[in-house]
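> According to the working numbering, the sequence shown is numbered sequentially starting from 207. The beta-carbon is built from N, C-alpha and C at its ideal position, and this holds for glycine as well.
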Amino acid sequence: MPKSIVGIDITATRLVAAEVANPDSKRPSLVKAAAVALDEGVARDGEVIDGAAVTAAIRELWSLAKFGSKRVVLGVGNQRVLVRDHTVDQMTPDQLRQALPFQVADILPVPVTETILDFYPVELVEGSSPQQVNGLLVAALKEGVEADVDALEAARLKVAGVDLSPFAILRALRAGDTLAGTHTIVAFGPRTTFLVVAQDGIPRFVRIVAAGAENITDSVMSVTGWNHDQATQAKQQLGILHGNDPKYGQASNAVLQAVTEILGSIRSTNNFYLSNRDDAEIESVILLGSETALPGLVDAVREFVGLPATVGDPLAAVRRPKHLKLLGALAGSEADLAIPVGLALGGK
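(1) Once the 5 residues before and after Gly247 are set aside, which same chain residues still bring their CB inside 8 Å of it?
(2) Report the three-state DSSP secondary structure of Gly242 (helix, strand or coil).
(3) Could you give the uninterrupted runs of the alpha helix (DSSP H) lying entirely in the stretch 452-487, keeping only those of 4 residues or more?
(4) Is Ser371 near Gly283, with beta carbons less than 7 Å apart?
(5) Using 7 Å as the threshold, is the C-beta distance between Val556 and Leu493 below it?
(6) Ordered along the chain, which non-local residues of its own chain (more than five positions away) have a Cβ less than 6 Å from that of Ile446?
(7) Going by the CB atoms, is the gap between Val328 and Gly341 shorter than 7 Å?
(8) Rounding to the nearest angstrom, what Cα-Cα distance links Ile375 and Glu540 in this structure?
(9) From Leu532, Arg220 and Pro514, pick the residue whose C-alpha is nearest to that of Ala419; which is it?
(10) Hey, which unbroken runs of the beta strand (DSSP E) at 3 residues or more fall wholly within the stretch 360-430?
(11) So what does DSSP say about Val547, is it helix, strand or coil?
(12) Do Arg198 and Gly548 have their C-beta atoms closer together than 7 Å?
(13) Under 7 Å, do Val212 and Val278 count as touching if we go by C-beta distance?
(14) Report the option in Ala243, Lys276 and Leu385 whose CA atom is closest to the CA atom of Glu359.
(15) Run through the DSSP bridge pairs and tell me what Ile214 is partnered with.
(16) Can you name the start and end residues of the alpha helix (DSSP H) that Ala263 belongs to?
(17) Report the partner residues of Arg290 according to the DSSP bridge assignment.
(18) Using 8 Å as the Cβ pair cut-off and three pairs as the minimum, do the stretch 263-270 and the stretch 302-320 touch?
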């Protein structure tokens, strides 16, 4: 019986999970995927607010999907997670784990004792003596991660690991030469959009933007007075093809304005990355998430950002079952599976 593990993404609106068999093999396989809705205010992206409600939703999710494993990898990533460039002396993982809190205490916005730290090594620093390593420092608030873990453990799941969601996204895309070269990966979530500049599949810069699909819907609701379902339907039908066309009234303009703010974040992220690296070049933008289905979005990214843009395959790194079951609130769409699949691929 092949071993399997489940990646779970806690968003502002739902729990999304994917079970992957043989995650550390050359041919990992997606077994099944499912999602259940969360009531408003129960969670922020990647962070539990109402532990009892989330635990109940997790039990519902496992009952619905009948996953074959209770081992899970949890994704984190929101505005309370810091990701920044950092350089350390080359040392063993144990030595780094002990040294890192002292090295970064002065650069964190909160006391280091309130954080969980990690370091993602990227490259050796040429000519350094003693040898140094450039990479990405990740600092997450301990209380947020612990609340997530508590909710999962209360549902009798075993947390095998906690991973940064943007790293999981790259893992899900990493197949063949999909990520050869330098690209900006944009993953739309409900209230968060992850921006990752990756070189040959290695993260070089990460930005977490506090806006996503639900913010676009909010924009439509605020100018029309429609309820959530009506605004979502209008957004999905109009997209940004109609822009300021008066025929479609305030709704199309609201979609355009909200999307433009996110596109501005993509462009400014690229500009910041390029301004801090000599001879750097970004080749394209790869889009992920169900919001990529908005009519006109891909073309708008090409025009606004000035780079080729494509929709990525969230299941590029796994074999798909012949009849993939997408259960519950996934609504038959695999577009939002990059994070849970990537989390599972990082599990041991």
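With the structure as the only source:
(1) Contacts found: Ile255 and Asp256.
(2) A small fix is needed here, since residue 242 is Val in this sequence, not Gly. Here Val242 sits in strand by DSSP.
(3) For the stretch 452-487, whole alpha helix (DSSP H) runs of length 4 or above, ordered along the chain, are 455-481.
(4) In this structure, Gly283 lies closer than 7 Å to Ser371 by Cβ.
(5) The question about residue 556 has no answer here: the residues shown for the chain are numbered 207 through 554.
(6) The beta carbon of Ile446 lies closer than 6 Å to those of Val461, Leu462, Val465, Gly502 and Ala506 in the same chain, with the five residues before and after it left out.
(7) Taking 7 Å as the Cβ cut-off, Gly341 and Val328 qualify as a contacting pair.
(8) The alpha-carbon atoms of Ile375 and Glu540 are separated by roughly 14 Å.
(9) The shortest C-alpha separation from Ala419 is found at Arg220.
(10) For the stretch 360-430, whole beta strand (DSSP E) runs of length 3 or above, ordered along the chain, are 364-370, 388-394, 399-405 and 408-415.
(11) In the structure shown, the three-state DSSP call for Val547 is helix.
(12) With the chain covering only 207 through 554, there is no way to say anything about residue 198.
(13) For Val212 and Val278, yes; Cβs fall inside 7 Å.
(14) Of the listed residues, the one whose Cα sits closest to Glu359 is Lys276.
(15) Ile214 is bridged to Ala223 and Leu280.
(16) Residues Gly257 to Ala271.
(17) Paired residues: Leu343.
(18) No: the two stretches stay apart, fewer than three of their Cβ pairs being nearer than 8 Å.
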